[in-house]
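Student: Numbered according to the working numbering, the sequence shown spans residues 962 to 1245. My questions all concern the structure below.
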Amino acid sequence: MIDETVEEIQEMQTHSSSTVAIKAAEALRELLDRDFATVEEYVRSLDRNSSALRRAQPSHASLFNTQREIVNRVEEADADSVDTAKEVTEAAIDDVVDEVQRAKHEAAQNAIDLLPDGSTILTHDYSSTVLEAIELAAQEGHHLDVYVTEARPRFLGRKTARTLASVDRVNATLIVDSAAGHYLDECDRVALGMSCIVDDTLYNRVGTFPIAATATELAVPVSVFGANAKIIDEGFAFENEFRSPSEVMREPAEGFEVANPAYDATPQHLLDSIVTDEGIRNLQ
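Given below as structure tokens:
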């Protein structure tokens, strides 16, 4: 299960960074069914497997933080038996999963006021927090029009559009990434998820920066939704990922290179607000 989860995260089969963190934490439960001769052997195995999960997507702050929390809890417990170490591990997994889910839900609830009835929103990529915020707003009776960029080259926006299509009171329209500038002038707000915010820079799916810059030029406020734990002050260095050229084009590139960065960096001054489980922080 752990190896399968590492591969799934690497291949971006799981999209939302919060979902990735939960899936990776749950994968560590496999170790609870294995036999270990000593506590030291168990802790080494836990650390090794946790490191493999973190390396599968080093750009995700949620993944980094939750895995570090689980390992630290077990190491600091200094258990006197393997069974006790496993009990600490299981409790730590339960706690971090609950915390990720709680923070995501509360961030989505706090975002409802930014999605008033009759508003038009543009979103990019696939964010489970943004989706939940839109769904919660719709449940409160808000009618929303949502433009969804397809988010090339992985086309994660298509999953977002399909999800929104099933939500009552939401009218979703899928657009190509390069059409964002055409539709932004119709929008009341841009709603984005986040991989993380480090040193006043938002790191998110590639394509976020040009959308935020264009929205700022057109005076459309840009809001970012996510858990406060994704805002990092220290202990985490963002690492961009350059993915396979085959995601961009399947045929061989002859005489030219294909570059495929997974994320880009958006300066915080282009953002109007950051919505987390701790509330709305206005930046403008």
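Don't be surprised by glycine CBs; every beta carbon is placed ideally from N, CA and C.
(1) Under the DSSP definition of a beta bridge, which residues are partnered with C1157?
(2) Is it the case that the Cβ atoms of T1084 and V1091 are separated by a distance below 9 Å?
(3) Between R1119 and the ligand ADP, is the CB less than 8 Å from at least one heavy atom?
(4) Do S1184 and A1152 have their C-beta atoms closer together than 9 Å?
(5) Within a Cβ cutoff of 8 Å, which residues of the same chain sit near R1063, ignoring the five residues on either side of it in sequence?
(6) To which residues does DSSP link R1034 through a beta bridge?
(7) Among Y1003, D1138 and A1068, which residue has its Cα nearest to the Cα of R990?
(8) Have a look at G1187 and E1093 and give me their C-alpha separation to the nearest angstrom.
(9) At a cut of 8 Å, does the segment 1221-1230 reach the segment 1151-1171 through at least three beta carbon pairs?
(10) Taking one C-beta from the segment 1117-1127 and one from the segment 1142-1150 each time, how about it: are there three or more such pairs within less than 8 Å?
(11) Quick one: grab the DSSP three-state call for L1086.
Tutor: This is what the structure gives:
(1) Per DSSP, Y1164.
(2) yes
(3) The model depicted lacks the ligand ADP and carries no ligand whatsoever.
(4) yes
(5) D1238
(6) Under DSSP, no beta-bridge partner is assigned to R1034.
(7) From the listed residues Y1003, D1138 and A1068, the smallest Cα separation to R990 is found for Y1003.
(8) 11 Å
(9) yes
(10) no
(11) In the sequence under discussion, the amino acid at residue 1086 is Asp, which differs from the Leu named in the question. In the structure shown, D1086 sits in coil (DSSP, three-state: anything other than H, G, I, E or B).
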